[in-house]
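Position one of the sequence shown corresponds to residue 248 (the numbering used here), numbered consecutively onward. Taking it in order: structure first as structure tokens, then the write-up.
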Amino acid sequence: MYQSTRSSYVLSDVAAVLKGIAPDGGLFADASLPSRPFDAEGCMGLRYTEMAEKIMCHHLPGFAPKMKEIVSVYPKKFSSEKITPLVPAGDAYSLELYHGPTSAFKDVALSVLPLFITAARDAGGSDALVSILTATSGDTGKAALEGFHDVPGTEITVFFPDGGVSEMQRLQMVTQEGKNVHVFAVRGNFDDCQRGVKEAFALNSAGSLPGTQEKMLTSANSINIGRLVPQVVYYFSAYSQLIEQGALVFGEKADFVVPTGNFGDILAGYMAKLMGLPVGRLICASNANNVLYDFITTGVYDRRREFYKTASPSMDILVSSNLERLLFYASGGDTAAVSGYMKDLSENGFYNAGADLMERIRESFSAEFASEEECAEAIREAYFSRGMLIDTHTGVGFAATKKYMAKNPSSAPCVVLSTASPFKFPTAVLSALGEVPGDDDFENARRLAELSGVSVPENLAGLKEKHILHSSVISKEEIITCSACPGGQS
Ligand SMILES: *Cc1c(COP(=O)(O)O)cnc(C)c1O
């Protein structure tokens, strides 16, 4: 069963995936996860698809009869045999999560989410149109469009911050083909997009969003539990590959550094730990928008601060939704406390989690952040001392790793999640390498390929030939009407 983080409202796993967010604004969480036994060791050495089937059935048993079929999409959509290969990177390891169809880690979840959602709708005996609303800081939008375009019985609407994503990310979205897709640039930042979409859900739950009575609204953001569960799998896969590579034996701890924005990816690591995977520390890596670093170090979450546009736009977020799930688990399911924090956050712009809760959070989490210069330096160092080309988000991860290791010399293997292909951010990566980039992203990508000997992923190179199909720019206020009736606007 899945419970709201803000009340005793419960739904089955299948219904929770379909609903996306609880009517009280809370997120769905499985309160029994920490106590339900799971054979983590039994996952070691399995192929990715077999591992995925076991782990996802543990979280989403209602989909068990279809799970084998669902996970079979991975080898078809990912270009690496390991799906998420682990490669040594100096004194750490890099977990490459970007070998999917849109070159970012979001593909791991969004390759299977459409299958969960349509299966859930069919299981309910309904044939209502499923309308997927997605706020994106850059990568979720395209991965969701790729997963849902032309899926019968669905429509998908994406909101991205105008001027707040890389040129490659923008082109990936605005050139998206498909009869059921809608893409809007919003004059605002990611937080504005996320807030607008959450508001649309709240209005829809209250029955006061005109035009949506006939539809089922759901989310492709990591507020949907169906987005998080597939991400748990690659923590197991990384650990299994550490064993294969002789870095540890089962039971010894591994640390994970996670470039973080909405706190979904790192929360999946925490879920893996709750299932018995020997995870040591989860190190939350932030860019200059270091609200999570401040939270983990001080216990005060304060969104009242300047918003920076950085070279790692998918982490330019000040309100990290999934932190709510961590508060739920770390407080032992204290929904009254969680509701109180969230009320403080929306009304006053901050909350204080208190010493006891923070002690429990710090048992598993550490935090570091990187300035733009530190990120660029990490990209340079990866390239010139290890011959490894990394993207800007992963650059933040490696910069954080260096800081963490300097403070905590430990022998535990440290895995850095490599969240996107460097070719999604060719201008920033080229300039980090000391080159002078031009204005054209495709030319910059070509130069980056020439320099590194790594080829540009086909899905990105091919964008140059595509037509722009979505050019609407809307205000934050218009997110509500566009959510209700996307076709009327775009
Ligand atoms: C989404 C994203 C992140 C942040 O992940 P969260 O789950 O939002 O914390 C980091 N890097 C890249 C490349 C992303 O697309």
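Glycine is no exception: its CB is placed at the ideal position from the N, C-alpha and C atoms.
Shortest gap from the CB of Ala-351 to any heavy atom of ligand 1: under 7 Å. With a beta-carbon spacing of about 7 Å, Asn-534 and Phe-616 fall inside the 8 Å limit used to define contacts. A straight-line Cα-Cα distance of about 15 Å links Ser-665 and Phe-510. By the neighbour-count criterion, in which a residue is buried when 16 or more other Cβ atoms sit within 10 angstroms of its Cβ, His-714 is exposed. Boundaries for His-717: no alpha helix (DSSP H) harbours it, and the DSSP string shows neither H nor E there. By the criterion of a C-beta distance shorter than 6 Å, Ser-722 is surrounded in its chain by Arg-434, once the five residues flanking it on both sides are discounted.
Shown here, Arg-528 sits in a strand according to DSSP, grouped into three states. Val-676 sits in a helix when the DSSP states are folded into three classes. Taken from the Cβ of Thr-544, every heavy atom of ligand 1 lies 7 Å or farther away. With contact defined as three or more Cβ pairs closer than 8 Å, the segment 585-592 and the segment 407-425 are not in contact. Following the DSSP letters along the chain, one finds Lys-671 in no beta strand (DSSP E), marked with neither H nor E. In this structure, Gly-385 has its beta carbon less than 7 Å from a heavy atom of ligand 1. Within its own chain, the residues whose Cβ lies closer than 8 Å to the Cβ of Asn-691, once the five positions on either side in sequence are excluded, are Pro-673, Thr-674, Leu-677, Pro-684 and Gly-685, listed in chain order.
The C-beta distance from Lys-353 to Ala-390 rounds to 4 Å, short enough to meet the 8 Å contact threshold. Between the segment 509-524 and the segment 468-488 there are three or more inter-stretch CB-CB distances shorter than 8 Å, so the stretches are counted as touching. If you draw a straight line from the Cα of Arg-607 to the Cα of Val-526, it comes to about 15 Å. Put simply, the segment 450-464 does not touch the segment 286-306. Fewer than three CB pairs are less than 8 Å apart.
Fully enclosed alpha helix (DSSP H) runs of no fewer than 4 residues occupy 414-421 of the segment 389-444, in order along the chain.
Beyond the five residues adjoining it in sequence on each side, Gly-580 comes within less than 6 Å, by CB distance, of Ala-278 in the same chain, given in chain order. Annotation: Gln-250 is outside any alpha helix (DSSP H); the continuous beta strand (DSSP E) that includes it extends over 249-251. Assigned with DSSP and collapsed to three states, Ser-567 falls in coil, not helix or strand. Boundaries for Ser-586: no beta strand (DSSP E) harbours it, while the alpha helix (DSSP H) harbouring it runs 582-595, taken from the DSSP string. Every unbroken stretch of the beta strand (DSSP E) spanning 3 or more residues and falling wholly within the segment 338-368 is given here in chain order: 339-343. Contact between Thr-648 and Ala-339 holds, with the beta-carbon distance rounding to 5 Å and staying under 8 Å. Taking 7 Å as the cut-off, the C-beta of Asp-512 counts as close to a heavy atom of ligand 1. Around the beta carbon of Ala-311, fewer than 16 other beta carbons lie within 10 angstroms, which makes this residue exposed. Classified as exposed, Val-720 has fewer than 16 neighbouring CB atoms from the shown chains inside 10 Å of its CB. Around the CB of Gly-371, fewer than 16 other CB atoms lie within 10 Å, so the residue is classed as exposed.
Per DSSP, reduced to three states, the secondary structure at Lys-462 is strand. If you check the CB distance, Gly-709 and Arg-627 do not come in under 8 Å. Judged by pairs of C-beta atoms under 8 Å, the segment 357-372 touches the segment 262-274, as three or more such pairs exist.
At a Cβ-Cβ threshold of 8 Å, Thr-296 and Tyr-321 count as neighbours.
Only residues of its own chain outside the window of five on either side were considered, and among them Thr-296, Ala-299 and Glu-300 have a CB closer than 6 Å to the CB of Val-318, listed in chain order.
In the three-state DSSP reduction, Tyr-486 falls in the helix class (H, G or I). Looking at Asn-427, Tyr-540, Phe-406 and Asp-386, the one whose alpha-carbon comes closest to that of Thr-728 is Phe-406.
Inter-segment contact for the segment 466-482 and the segment 563-571 is present: three or more beta-carbon pairs are separated by less than 8 Å.
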